[in-house]
Amino acid sequence: MDRRSTVSKGLSGFALFLIVASLLSIGPAPARAQTLSIAEAEALVRARYFEGLPEAEAARIGPEGAARLVEMLADPEEKPNHAQILLALGLCGAPDALLAIRQWRARAPQAGEIDRDAFRAWQALPYALGHLARFDRRALVDLEALMNEPAPDWTFLHHGGARLLRENRRAVATALEMTGLPEARRVLDRAVGPGAVASDPELAAHVRSLRALPVERAGAVGR
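Per this note's numbering, the very first residue in the sequence shown carries number 2; after that it's consecutive.
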């Protein structure tokens, strides 16, 4: 099985798809092949994929392509592509990716009813940071802060309040676990361990299930 699976799909299954696909991507980033041109990087994040953004292709984005993606992330006209841009920046590990993501977050809606594109980008954020953490450990600080954030004040259709809080915390936990980094495991331990600020049995159960998956996969391969 290819452990470098995809992490974006249609809105109906977007969050679940991100969780499952991200778990399958645990492991080191692949060796880079030929670097994508700026035009190829643009085309990659603007295209629509039935099986999601091709991770191996995104990993081939070089400094010039990443700089263009940073510009696109700041461009409101590129909003329909922001979810895939976030993921691509995380996957290519560009040095300026974390700053660009932080600036994008500062511009994101804080209240009211948000649109579909903003919601998809919000769903993609933890996974983008999880990919980026393999290159830039500072992304773990952002993930831990995201884990501890209260529920957003905005809504999207039937998503709001406690539901958004649960979805966010599960996504952050998955993104942390998918890095395979010891530092990420310590962040998760602080979130659900004995010293956690608030008890969250549902999140603790989710983390246990995440940590059991690689063992189960290894057993299945051996049978």
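C-beta atoms are modelled at their ideal positions from N, C-alpha and C, and glycine is treated no differently.
DSSP three-state call for residue i: helix, strand or coil?
i, result
"T156", "strand"
"A95", "coil"
"A112", "strand"
"L189", "helix"
"L90", "helix"
"S182", "Note that residue 182 corresponds to Leu in the displayed sequence, not to Ser. It is coil, neither helix nor strand."
"L54", "coil"
Is the separation between the beta-carbon of residue i and that of residue j shorter than 8 Å?
i, j, result
"A306", "A68", "Nothing can be reported for residue 306: it is not among the residues displayed for the chain, which extend from 2 to 224."
"L37", "G66", "yes"
"T180", "A134", "yes"
"G94", "D154", "no"
"V208", "L182", "no"
"A125", "A84", "yes"
"L230", "R171", "This structure gives no information on residue 230, because the portion of the chain shown stretches from 2 to 224."
"M148", "A98", "no"
"V71", "A101", "yes"
How many Å lie between residue i and residue j at the Cα?
i, j, result
"G53", "L45", "11 Å"
"A152", "L166", "5 Å"
"D118", "P202", "31 Å"
"G162", "S200", "18 Å"
"R212", "E178", "7 Å"
"G194", "R186", "11 Å"
"A42", "G91", "13 Å"
"P64", "E56", "17 Å"
"A206", "M73", "38 Å"
"Y50", "A176", "21 Å"
"P81", "F120", "10 Å"
So, under 8 Å CB-CB, residue i and residue j are touching, yes? Tell me the CB distance rounded to an integer number of Å.
i, j, result
"L144", "V173", "6 Å"
"Q104", "A122", "The pair is not a contact, with the Cβ atoms about 13 Å apart (cut-off 8 Å)."
- Message: If contact is defined by three or more beta carbon pairs under 8 Å, each pair taking one atom from either stretch, is the stretch 109-119 in contact with the stretch 129-146?
- Response: no
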